[in-house]
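Student: Just passing along the structure, written as structure tokens.
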Amino acid sequence: MIKANELRIGNLVRYEDRNFKIYALSKELPCLDTIEYGIGVVSYKTIQPIELTEDILIKCGFEWRNEHRGVGAIMDFNKQSIGLMENGEVRYLNCWVKLEYLHQLQNLYYCLTGKELEIKL
5 MIKANELRIG NLVRYEDRNF KIYALSKELP CLDTIEYGIG VVSYKTIQPI
55 ELTEDILIKC GFEWRNEHRG VGAIMDFNKQ SIGLMENGEV RYLNCWVKLE
105 YLHQLQNLYY CLTGKELEIK L
């Protein structure tokens, strides 16, 4: 279960097998922005994180720097590197952090750049 303090407005999460943006947050309930229903209040128990995968990194604008894919493979984003590691740790801008989910990458990117990460899901 995702906790309120792990999320920011704009983070993408999984709800009922679909991806939605967080529209608003409170300690008790998050609000999702849905196309069909508008803004919807849900429970933290019903939203799931989106696993960080190679496909999602590519949709975030990362590109392969070299042909080697797998343990230790390096991807570039605006000339900043991210290394994919087998144990789930990701190297980003010369620091080691464990990123497993898309909202964690969104939060780190915002923290480091002050900008929202563009994602084409």
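In the numbering used here, each residue carries its 1-based index in the sequence shown increased by 4. Ideal Cβ placement from N, Cα and C applies to all residues, glycine included.
1) Just checking my contact of Leu106 with Leu16 at CB under 8 Å: how many whole Å lie between their CB atoms?
2) In whole angstroms, give me the CA-to-CA distance for Thr50 and Ala8.
3) Comparing C-alpha positions only, which one of Gln110, Leu116, Cys115, Gly118 sits nearest to Lys124?
4) Going by DSSP, which residues form a beta bridge with Asp37?
5) So for Leu106, helix, strand or coil by DSSP?
6) Quick test of your reading: Arg18 and Ile54, contact by CB under 8 Å. State the CB separation rounded to the nearest angstrom.
7) Which value, in whole angstroms, describes the spacing of the CA atoms of Gln52 and Ile6?
8) Expressed to the nearest angstrom, what Euclidean distance is found between the alpha-carbon atoms of Asp37 and Tyr48?
9) Taking the C-alpha atoms as reference points, what is the distance between Val75 and Thr57?
10) Using only CA atoms, which one of Val45, Glu104, Glu40 lies nearest to Glu32?
11) Exposed or buried, Tyr41, counting other C-beta atoms within 10 Å across all chains shown (16 or more means buried)?
12) Can you list, in chain order, the residues of its chain whose CB lies under 7 Å from that of Lys63, leaving out five sequence neighbours each side?
Tutor: So, from the data block:
1) Between Leu106 and Leu16, the beta carbon gap of about 6 Å places them in contact (Cβ cut-off 8 Å).
2) About 13 Å.
3) The residue among Gln110, Leu116, Cys115, Gly118 with its C-alpha nearest the C-alpha of Lys124 is Gln110.
4) DSSP lists Lys25, Ile43 as partners of Asp37.
5) In this structure, Leu106 counts as helix in the three-state DSSP scheme.
6) By a beta-carbon distance limit of 8 Å, Arg18 contacts Ile54. Their separation comes to about 5 Å.
7) Those two C-alpha atoms are separated by around 7 Å.
8) A straight-line Cα-Cα distance of about 15 Å links Asp37 and Tyr48.
9) Residue placement at Val75 is poorly supported in this model, since its pLDDT is 44, which falls under 50; the coordinates still yield a value, given next. Going by the C-alpha atoms only, they are around 13 Å apart.
10) Of the candidates Val45, Glu104, Glu40, the one whose C-alpha sits nearest the C-alpha of Glu32 is Val45.
11) It is exposed - the Cβ of Tyr41 has fewer than 16 other Cβ atoms within 10 Å.
12) Taken in chain order, the residues that qualify are Ile123, Lys124, Leu125.
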